[in-house]
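Chemist: Pasting in a structure now, in structure tokens, and then I'll have a few things to ask.
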């Protein structure tokens, strides 16, 4: 049976390399690029190197070094690209936020972002050290989903911020619990589907029963659909809803290989989005903005946010204006968070934007290849799910600010201002590193008897 | 799982294609969107170049730190407003601020050594400077002479075409329009609603009936056409003159015009003689002659556009007679009448009038330099020589005697222009003239003054009364200027410049 597996593990010779040296040198590059960007902003704006450039570089370097040491000691076979990409994106994000802070001296976001990044790296290290085997998470599937639901429902009892009820505010401190729910849901989906994919695949095979599926099979699909629509209606957060549903559909497809489920999922998502988009004014407005980004100009009210964002991208052109020399602050509200990509597009140009997209693509690709290399279905699904989160998120927000799809409030992973998002992304990378260590280690360390590795052959 | 990876690849491709669409394909149209503030922000990001008079900037820049960062300031706004115009964030640019905008704003490709450097580096050259031909003392004397009355002064150096003074009164401070906000819109509304139209550039953008000063043009036409060969010979003109085809009688303000010579008619401004000469020259001949002086030419740029001075192209004979003495539909800008005086002073040739001597980069390196060229040959040189004498006679023993300056050869012609329905408007007093220092090979200045004067009821006396003194002081200053230049040229040591007091 093993000989007929679709996904053979990589050749053993490759798996013996730890590649920690590669990771360290890439980390040095990532830190240097970030520090160079920081200095470049200072030179462009004030004609002088920012006085705290050395401190900034040392801080980022120290964080990277600590993370690297944790990986080197506790996950020595992990993929060497994941950590440097995360450090580079986080460093670039800090540079962009620092650069936008220069336009709004009264409202500085970079120091807080730096603190959140530190916290993110600390949690990254904690996950690497505390979680020895990712399969331990499989047992917490229902705890995860309960916690996720709790996190998602809490903000409903807090006042809406900018039209969306996704914030919890305690004193001057606020965070988005929905961000953490992503990871918990990915864990739950992976665990649930790893255990039940057989049943789902089995019923899906009988085409005549697909027309009247039993409640037991359809149950989870409908539950997740209701969950995402509920999020959409109660919290007016189209992006998170889209992300949850996309995540579930991808994992369902990967677990069962049935396109029928994808069709059902897309149909349900489409119906939900259509109904809510037509009824809910907040979501409906977003769709109108997307269809007619210049409507407010024609109405004589000046350019809207999306129009300003498109202007910023256009001003960047092929090569960009150079860091610190653009006018993306014209976007105004949310220029540092949801619209951070517009600053990257204007000041780094199409070239820089493509590089950033490719960094994300590389991160996602490493996640997927980790999934391919794993043998246990939970690990495969977990890696796929974790890699899909940034993939979907980048598409939803980048497509939104560039007018490809309706704009939904969502943070660009690592780049955007937002503490919850940065911390969450660091945890995602930590889990991916943990999983990839298992995938690349010479002996599967979770091979002790008793571990549940059900029907590996049928996983695609 | 491979399908999921393929899906992600598809999403990435969609993002990249869309990025290319927004940033490259659609970029030009997005950049040009009027709601996109980047173009206008870049325009005001650097201080604007300056406009120079006598080597000193009369403009400046104020850094506001606002979005449209640098605002225009003017050292003496009202004095130079007819030259500079305004450069406003809200209301755009006019006059030199408008025509020289590429240099002043730094957008001109001539400001850089390498043509595409600023396109590649996405920077803008610092704004260049505009060096004008205006002479500060002349401008100031003319402005003070008008003393807030409605009127204008235009002065030209006949040999070069350099515009030495361009004054409009009453004037305004263009600095009031710099920037954005309610003060600016308020000032704009107030200036536009003001009854005496302070933003109107009367020297080049307003035309007036030239009255008797136009007789110089008709006289030149008659001599060039061979109708008058001897200026001292009687012209057969009856007094009073009945306009051909009508029973309207054209009177004279002066006496002794019956059968007078052209010399007498110019000296005392006989309507009858010049009206009859205009009829004798004929419509075609008159149109030909006025066109050589610049009438009916709407394309004159100094580089600011100058309003078209008019002489009707279709006229009955009686109206031709009236048009020939600067009445009926004949109108002229003050600059046009200064060009008439300059043509006489310069031997018939009109050098192209211009306000900008050269433009430079912010470092003072030349960008453009005015090259002297001929605008028109208004009349044959012998005609110009005879007219010079006739105009000198006007000042030395005729209607323009209060323009005389001892030690210089002054030619002039007075005029009064009635206007309004039934001539009820306050009449405009005219004086055109030129001055040449004794022993100098060329005239120093040609000037035209028009001023609204309630006391200007009587022909000629009035023109001489309120307009001629202004012209005199401006001409005097020009002669002094010339003498000082010459002295500096002969004795370049400082401190030995002989002081010539008028």
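Residue numbers (the working numbering), protein chains in the order written: chain A, 674 to 1133; chain B, 205 to 706.
Just so it is clear, CB atoms sit at the ideal spot from N, CA and C, and this is done for glycine as well.
1) Cβ of residue 272/B less than 8 Å from any chain A Cβ?
2) Does residue 398/B have its Cβ less than 8 Å from a Cβ in chain A?
3) Evaluate the contact criterion for the region 209-224 of chain B versus the region 1061-1068 of chain A: three or more CB pairs, one atom per stretch, below 8 Å.
4) If we count Cβ pairs, one from each stretch, closer than 8 Å, do we get three or more for the region 812-822 of chain A versus the region 766-783 of chain A?
5) May I ask you to list, following chain order, the residues of the region 243-255 of chain B that have a beta carbon less than 7 Å from some beta carbon of chain A?
6) Nearest-angstrom Cα distance between residue 695/A and residue 964/A?
7) Secondary structure at residue 574/B, three-state DSSP: helix, strand or coil?
8) For my contact list, residue 691/B and residue 341/B are in at a C-beta cut-off of 8 Å; report their separation, rounded to the angstrom.
9) Buried or exposed: which applies to residue 534/B, given that a residue is buried once 16 or more other Cβ atoms fall within 10 Å of its Cβ?
10) What whole-angstrom Cβ distance do residue 760/A and residue 795/A have, given they're in contact under 8 Å?
11) In angstroms, rounded to a whole number, what distance separates the CA positions of residue 355/B and residue 1074/A?
12) Could you tell me whether any Cβ in chain B is nearer than 8 Å to the Cβ of residue 1027/A?
13) Does DSSP classify residue 1114/A as helix, strand or coil?
14) Given that a residue counts as buried once 16 or more other Cβ atoms are within 10 Å of its Cβ, and exposed if not, what is residue 335/B?
15) Short of 6 Å in beta carbon distance, which residues of its chain neighbour residue 861/A, apart from the five on each side in sequence? Order them along the chain.
16) Return yes when the Cβ of residue 675/B is within less than 8 Å of the Cβ of residue 653/B, no when it is not.
17) Do you know how far the Cα of residue 997/A is from the Cα of residue 807/A?
18) Is residue 642/B buried or exposed, if buried means 16 or more other CB atoms sit within 10 Å of its CB?
19) What are the boundary residues of the alpha helix (DSSP H) that residue 918/A is part of?
20) According to the Cβ coordinates, are residue 359/B and residue 497/B closer than 8 Å?
21) Quick one: what does DSSP say residue 585/B is sitting in, helix, strand or coil?
22) Using a C-beta to C-beta distance shorter than 8 Å, which residues of chain A count as neighbours of residue 235/B?
23) Use the C-beta contact count for residue 907/A: other C-beta atoms within 10 angstroms, 16 or more gives buried, fewer gives exposed.
24) Using a C-beta to C-beta distance shorter than 8 Å, which residues of chain A count as neighbours of residue 531/B?
25) Going along the chain, which residues of the region 1035-1047 of chain A sit with their C-beta nearer than 8 Å to a C-beta in chain B?
26) Below 8 Å on the Cβ atoms is my guess for residue 707/A versus residue 767/A; work out the distance and round it to an integer in Å.
27) Pick helix, strand or coil for residue 885/A, following the three-state DSSP scheme.
28) For residue 921/A, go through chain B and note every residue whose CB falls closer than 8 Å to its CB, in chain order.
29) State yes or no: is the C-beta of residue 275/B within less than 8 Å of the C-beta of residue 330/B?
30) Quick one: residues in its chain with C-beta nearer than 8 Å to the C-beta of residue 485/B, no 5 flanking neighbours on either side, listed in chain order?
31) Whole angstroms are fine: how far does the CA of residue 248/B sit from the CA of residue 791/A?
32) Looking at C-alpha atoms only, which residue of 725/A, 719/A, 757/A, 716/A is the closest neighbour of residue 700/A?
33) Which partner residues of residue 355/B appear in the DSSP bridge assignment?
34) If you count every other CB in all the chains shown that lies within 10 Å of the CB of residue 233/B, and 16 or more means buried, which is it?
35) Between 238/B, 219/B, 217/B, 221/B, which lies nearest to residue 981/A when the distance is taken from Cα to Cα?
36) For residue 420/B versus residue 617/B, is the C-beta spacing smaller than 8 Å?
Modeler: Answer, in terms of the structure:
1) Taking Cβ atoms only, chain A never reaches closer than 8 Å to residue 272/B, which makes this a no.
2) Not one chain A Cβ lies under 8 Å of residue 398/B.
3) With contact defined as three or more Cβ pairs closer than 8 Å, the region 209-224 of chain B and the region 1061-1068 of chain A are in contact.
4) Because the criterion of three Cβ pairs below 8 Å is not met, the region 812-822 of chain A and the region 766-783 of chain A do not touch.
5) The region 243-255 of chain B vs chain A, Cβ under 7 Å: 245.
6) So the two alpha carbons sit approximately 46 Å from each other.
7) DSSP places residue 574/B outside both helix and strand once states are collapsed to three, so it counts as coil.
8) Actually they do not touch by this definition, with Cβ atoms about 16 Å apart.
9) By the neighbour-count rule (16 or more Cβ atoms within 10 Å), residue 534/B is buried.
10) Contact doesn't hold; Cβ gap of about 14 Å is too wide.
11) Straight-line Cα distance between these residues: approximately 59 Å.
12) Against chain B, the CB of residue 1027/A has a partner CB under 8 Å away; the residue lies at that interface.
13) The three-state reading of DSSP puts residue 1114/A in coil, since its state is none of H, G, I, E or B.
14) By the 10 Å Cβ count, residue 335/B comes out buried.
15) Once the five neighbours on either side are set aside, the close Cβ partners of residue 861/A are 814, 817, 818.
16) It is a contact, given that the beta carbons lie within the stated cut-off.
17) Within the model, the alpha-carbon separation for residue 807/A versus residue 997/A is close to 42 Å.
18) Burial check for residue 642/B: the Cβ neighbour count within 10 Å stays below 16, so the residue is exposed.
19) Start and end: 911-929.
20) Not closer than 8 Å, so no.
21) DSSP places residue 585/B within a helical segment (H, G or I) once states are collapsed to three.
22) Correct list: 984, 987, 988.
23) Residue 907/A is classed as exposed because its beta carbon has fewer than 16 other beta carbons within 10 Å across all chains shown.
24) Contact annotation for residue 531/B against chain A: no contact, minimum CB-CB distance about 50 Å [criterion: below 8 Å].
25) Within the region 1035-1047 of chain A, the residues whose Cβ lies closer than 8 Å to some Cβ of chain B are 1037, 1038, 1041, 1044, 1045, listed in chain order.
26) Your pair residue 707/A and residue 767/A checks out as a contact, with CB atoms roughly 7 Å apart and the cut at 8 Å.
27) Residue placement at residue 885/A is flagged as unreliable, the pLDDT there being 40, under the threshold of 50; the coordinate-derived value follows with that caveat. Correct three-state label for residue 885/A: coil.
28) Those do not exist, as residue 921/A stays about 12 Å from chain B at its closest Cβ, beyond 8 Å.
29) Taking the C-beta atoms as reference points, residue 330/B is found no nearer than 8 Å to residue 275/B.
30) If the five residues before and after residue 485/B are omitted, its C-beta is found closer than 8 Å to the C-beta atoms of 422, 425, 426, 429, 431, 493, 528, all from its own chain and listed in chain order.
31) Answer to the nearest angstrom: the Cα atoms are 41 Å apart.
32) A check of alpha carbon separations from residue 700/A across 725/A, 719/A, 757/A, 716/A identifies 757/A as the nearest.
33) Residue 355/B is bridged to 373/B, 655/B.
34) Exposed.
35) Cα-wise, what sits closest to residue 981/A is 238/B.
36) In this structure, residue 420/B places its C-beta atom within 8 Å of the C-beta atom of residue 617/B.
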